[in-house]
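To start, the structure itself, in structure tokens.
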Amino acid sequence: MTFFAVKLKWFPAIGYTAFSDSPSEWLKHAMLPMVTLAILTWSEVARQLRTGLVSVLDQDYIRAARARGLPNTRVVGKHALKNAALPTLTIIGLRLGHLLAGSIIIENIFNIPGLGAYALAAVQNRDVPIIQAVVLVSATVVLLVNMIVDIAYAYVNPKVRVS
1484 MTFFAVKLKW
1494 FPAIGYTAFS
1504 DSPSEWLKHA
1514 MLPMVTLAIL
1524 TWSEVARQLR
1534 TGLVSVLDQD
1544 YIRAARARGL
1554 PNTRVVGKHA
1564 LKNAALPTLT
1574 IIGLRLGHLL
1584 AGSIIIENIF
1594 NIPGLGAYAL
1604 AAVQNRDVPI
1614 IQAVVLVSAT
1624 VVLLVNMIVD
1634 IAYAYVNPKV
1644 RVS
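Numbering follows the numbering used here, with no gaps: position 163 of the sequence shown is 1646.
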């Protein structure tokens, strides 16, 4: 925030502009919070995917595909990436809960109206029905994302499909 908003003045430090008012201003206001919220998660996803690719690229079937003369992009993209993506999908599904929890802090720091700010205000005002609604919505989103991850498992790896 200090570097990009104060020193370089690339992005505003706080505030929010609705997308319907000005999409370009919305993007300028949303860029710092999005990067702040996603940087830890995406670094972990990248690390997990790299680790998976390193172990998969050492397998016999990858050597066989390369020996058949397949281009490296096809070997990595079609054969290795599908097998290395399964643990990465798991990490993405698990990290959604962290993103929801982190949104409370990020929305408070950047003064953004959202579900996290709404939940924080409800906790401060001891508004139990609102807290329950936010927990219900968050739990539903996490369950839906985990269901999508399970469906993606079957798409990525046909061995996981139920016949």
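Each residue gets a CB set at the ideal place from its N, CA and C atoms; glycine is no exception.
Only a predicted model underlies this, so the values are computations on that prediction, with no experimental measurement involved.
Does the Cβ-Cβ distance between residue i and residue j come in under 8 Å?
{"i": "V1639", "j": "A1529", "result": "no"}
{"i": "F1486", "j": "K1511", "result": "no"}
{"i": "I1589", "j": "L1520", "result": "yes"}
{"i": "A1605", "j": "I1614", "result": "yes"}
{"i": "G1580", "j": "V1625", "result": "yes"}
From what residue to what residue does the alpha helix (DSSP H) around residue i run?
{"i": "P1612", "result": "V1611 to V1639"}
{"i": "W1525", "result": "P1506 to V1539"}
{"i": "A1550", "result": "D1543 to A1550"}
Just mark residue i as buried or exposed, buried being the case when its beta carbon has 16 or more other beta carbons within 10 Å.
{"i": "A1563", "result": "buried"}
{"i": "A1602", "result": "buried"}
{"i": "G1566", "result": "This sequence places Asn at residue 1566; Gly is not what is there. Buried, since its Cβ has 16 or more Cβ neighbours within 10 Å."}
{"i": "G1599", "result": "buried"}
{"i": "F1502", "result": "exposed"}
{"i": "V1645", "result": "exposed"}
{"i": "I1634", "result": "exposed"}
{"i": "I1522", "result": "exposed"}
When you measure from the CB of residue i to every non-hydrogen atom of the ligand ZN, does any distance come out below 7 Å?
{"i": "L1491", "result": "Annotation note on the ligand ZN: not contained in the displayed structure, which lists no ligands."}
Can you list, in chain order, the stretches of the alpha helix (DSSP H) that have 4 or more residues and sit fully within the segment 1576-1607? 1598-1607
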